[in-house]
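Report on the structure given below.
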Amino acid sequence: MAQLVVALSSPDAADADLFGPKAANQAALGQAGLPIPDGFCLSAEAYRVQLRAHGLEKSIAKLPSADMREARLLANEIRIGLFDNPIVPEILEPLLEARRGLLQRSDAPLVVRSSALVEDREGSSFAGQFESFLGLGSEDEFLTAVRACWAALWSVRALRYMGGHEIDPSDTAMALLIQPLIEAVSSGGGLSQTADGGMILSATWGLGEAIAQGEVVPDRYELDAGGAILHVDAGRKTHKVGCHLHDAEHRSAVVAKDLVDQPCLANDQVIELAGHLKKAEAMIGMAAEIEWARDAGGFKMLQVRPLQMEKSVVPDEIWLRHPGLKGHPAGIGWASGKACVINCECELARVAPGDVLVTQVAGPTLSQILPMVSGVVAELGGSTSHLASLARERGIPMVLGVQDATSSIPDGSQVAVDGVAGIVRWIEG
26 MAQLVVALSS
36 PDAADADLFG
46 PKAANQAALG
56 QAGLPIPDGF
66 CLSAEAYRVQ
76 LRAHGLEKSI
86 AKLPSADMRE
96 ARLLANEIRI
106 GLFDNPIVPE
116 ILEPLLEARR
126 GLLQRSDAPL
136 VVRSSALVED
146 REGSSFAGQF
156 ESFLGLGSED
166 EFLTAVRACW
176 AALWSVRALR
186 YMGGHEIDPS
196 DTAMALLIQP
206 LIEAVSSGGG
216 LSQTADGGMI
226 LSATWGLGEA
236 IAQGEVVPDR
246 YELDAGGAIL
256 HVDAGRKTHK
266 VGCHLHDAEH
276 RSAVVAKDLV
286 DQPCLANDQV
296 IELAGHLKKA
306 EAMIGMAAEI
316 EWARDAGGFK
326 MLQVRPLQME
336 KSVVPDEIWL
346 RHPGLKGHPA
356 GIGWASGKAC
366 VINCECELAR
376 VAPGDVLVTQ
386 VAGPTLSQIL
396 PMVSGVVAEL
406 GGSTSHLASL
416 ARERGIPMVL
426 GVQDATSSIP
436 DGSQVAVDGV
446 AGIVRWIEG
């Protein structure tokens, strides 16, 4: 049997067919000389071994002939079986040995991240659709997270996403990436190409979850193709997510007033990070989207995936005569439609096909309605949030970080969303 657990430094770890694109790209970044956290991978074969050991392959084999109701029951049976059953010894022993070795090299709690074989590929990022677990201190917490990541392949959210991309869950498998937690001073993302040929970096205080979940307006750094800084737009970073090395609890904290609109990165740090971004792009051979964190030791690259972008669309001149707001573009598309302004997820039932959704927080939970809307406008979030990644996949224009959008844009008005330029305009009445 092939090795189920390998170090990120091993050449084998860069094989996406064994360890999934997320883990494989992380390994390749490190092997290309870019800074990454230490860690190891658990192969997709381990997931298959666990399925076979507990008889769950029989449930998977019934799926092709099952009706809708039976398929839901089978998926639930598989999910519960992966989570509830103990990890078999042939996986458990090398897994715990690798964990012990990692803890000897670092005193930080661990992070367990999904790395499905279908994840982080062009056209199917699965951004925010699976599970990641931070700050895992005890062995029990660690093993529970491993089982939960396996089970997440069969979650309702992931199955809905796979159905929309014509992916059969029985044809794929879940590998895992395990690393020490970075005690991040700041975190963020980056896009190696924009419509005008430049680059974009985003940043917030603490861990990057606040950006990924669309909970803050991050700093936005615009650079030209050569890495020179063109513009810095300090965000509104009202809170941060933290998880300290000697206190594994994952918590949110209010940001000090003097830091809310202070850029997280100095100019020399922006230029250094842009260099890492271009190297990541060269490594995967196409436009790239990255996630990163910065601790006391400097930058660490956490993820790289293919980036989908479009050229700017010139709107009808009539729109230029009407009021507009500027924000952070997701980087794709131009569309118009009727504004549906909502203030909480409980109002999502009001959204009709073709509407432009106007909301406060653009979190991954909104991914379920992306197929029906013509565009999205949100007061919080940035170009590298999970929902922005999902919008780029579907070609849906989105503008994030639009201050006072829900109070400025009248419900029912005609709205135009420029997802490339980051401008929203509306016609009242």
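In my numbering, the protein residues as written are 26 to 454.
No residue lacks a Cβ here, since even glycine has one placed at the ideal position from N, Cα and C.
Values in this document were obtained by computation on a predicted structure and should not be read as measured data.
Euclidean distance between Cα positions of E297 and S34: Distance from the CA of E297 to the CA of S34, rounded to the nearest whole angstrom, comes to 23 Å.
Cβ shell of H271 (< 7 Å), same chain only, five flanking positions each side left out: Since pLDDT at H271 reaches only 43, below the 50 mark, its modelled position is unreliable, and the value read off the structure follows with that caveat. A distance below 7 Å between beta-carbons, with the five flanking residues on each side excluded, links H271 to no residue of its chain.
Length at least 4, wholly inside the region 413-437: the alpha helix (DSSP H) runs in chain order: DSSP runs (the alpha helix (DSSP H)) wholly in the region 413-437: 430-433.
Spatially closest choice to G498 from R185, A278, S211 and A387, by CA coordinates: Residue 498 is absent from the structure shown; the chain starts at 26 and stops at 454.
Nearest to P435 (by Cα), restricted to the options G444, V366, L391 and Q428: Nearest of G444, V366, L391 and Q428 to P435, Cα basis: V366.
Where A250 falls: helix, strand or coil (DSSP): If DSSP states are grouped into helix, strand and coil, A250 belongs with coil.
Sub-8 Å separation of G223 and A259 beta-carbons: Taking 8 Å as the Cβ cut-off, G223 and A259 do not qualify as a contacting pair.
Which of helix, strand or coil DSSP assigns to A318: Reduced to three states, the DSSP call for A318 is strand.
Per-residue DSSP class, three states only, for F167: Assignment of F167 by DSSP, reduced to helix, strand and coil, places it in the helix class.
Buried or exposed by the 16-neighbour rule on C-beta atoms within 10 Å, applied to P114: Label assigned to P114: exposed.
Beta-carbon separation (whole angstroms), V381 vs V440, contact threshold 8 Å: Rounded, the Cβ-Cβ distance is 4 Å, consistent with contact.
Other residues of its chain near A235: CB distance less than 7 Å, five sequence neighbours each side excluded: For A235, where only same-chain residues beyond five positions count, the Cβ hits under 7 Å are T229, V241, H264, K265 and V266.
For I452 and V171, the rounded distance between their alpha carbons: Rounded to the nearest angstrom, the two C-alpha atoms are 50 Å apart.
Boundaries (first-last residue) of the alpha helix (DSSP H) holding S361: Per DSSP, S361 belongs to no alpha helix (DSSP H); it is in the beta strand (DSSP E), W359 to V366.
Counted within 10 angstroms of its Cβ, other Cβ atoms place A278 as buried (16 or more) or exposed: Exposed: under 16 other Cβ atoms inside 10 Å.
Beta-carbon contacts of L290 that lie in its chain and below 6 Å, excluding the five residues immediately before and after: In the same chain as L290, and ignoring 5 residues on each side of it, the C-beta atoms closer than 6 Å to its own belong to A228, in chain order.
N- and C-terminal bounds of the alpha helix (DSSP H) containing K87: For K87, the enclosing alpha helix (DSSP H) stretches over residues L81 to K87.
Nonlocal neighbours in the same chain, by C-beta distance under 7 Å from F65, ignoring five residues either side: Cβ neighbours of F65 beyond the five flanking positions: V30, V31, A32, L33, A123, L127 and I203.
Contact set for R182: own chain, Cβ-Cβ below 7 Å, skip 5 residues either direction: Around R182: Q154.
Collapsed DSSP secondary structure at Q439 in the structure displayed: For Q439, the three-state secondary structure derived from DSSP is strand.
Cut-off 8 Å between Cβ atoms - residues of its own chain near D320, not counting five sequence neighbours on either side: For D320, where only same-chain residues beyond five positions count, the Cβ hits under 8 Å are I207, E208, A209 and V210.
Residues of its chain near R185, where Cβ-Cβ distance is below 7 Å and the 5 sequence neighbours each way are ignored: Closer than 7 Å at Cβ, skipping near neighbours: Q393.
For D244: DSSP bridge partner residues: For D244, which the question treats as bridged, DSSP gives the partners A228.
Where S410 falls, given that 16 or more other Cβ within 10 Å makes a residue buried: Here S410 is buried: its Cβ has 16 or more other Cβ atoms, across all protein chains shown, within 10 Å.
Inter-stretch contact (C-beta, 8 Å, three-pair minimum) for the region 84-99 and the region 50-70: The region 84-99 makes no contact with the region 50-70; the number of CB pairs closer than 8 Å stays below 3.
Beta-carbon proximity list for R419, same chain, < 8 Å, skipping 5 on both sides: Excluding positions up to five away in sequence, the list reads L395 and P396.
Cβ-based burial, G55 [other Cβ within 10 Å; buried from 16]: With at least 16 other beta carbons inside 10 angstroms of its own, G55 counts as buried.
Distance between G379 and F44 (C-alpha atoms, nearest Å): G379 has its alpha-carbon roughly 39 Å from the corresponding atom of F44.
Outcome for C369 when other beta-carbon atoms lying within 10 angstroms are tallied against a minimum of 16: With a 10 Å radius around the Cβ and a threshold of 16 neighbouring Cβ atoms, C369 comes out exposed.
Nearest candidate by alpha-carbon position, reference P205, set S140, V136 and G400: Measuring C-alpha to C-alpha distances from P205 to each of S140, V136 and G400 identifies V136 as the nearest.
Within 8 Å, strictly: CB atoms of V383 and A364: For the 8 Å CB-CB criterion, V383 and A364 form a contact.
CA-to-CA distance, P288 to D221, given in whole angstroms: Taking the CA atoms as reference points, D221 sits about 23 Å from P288.
Residue from V386, G349 and V401 whose Cα sits closest to the Cα of G356: Cα-wise, what sits closest to G356 is V401.
Paired residues, beta bridge with P119 - DSSP: According to DSSP, which records beta bridges pairwise, P119 is partnered with nothing at all.
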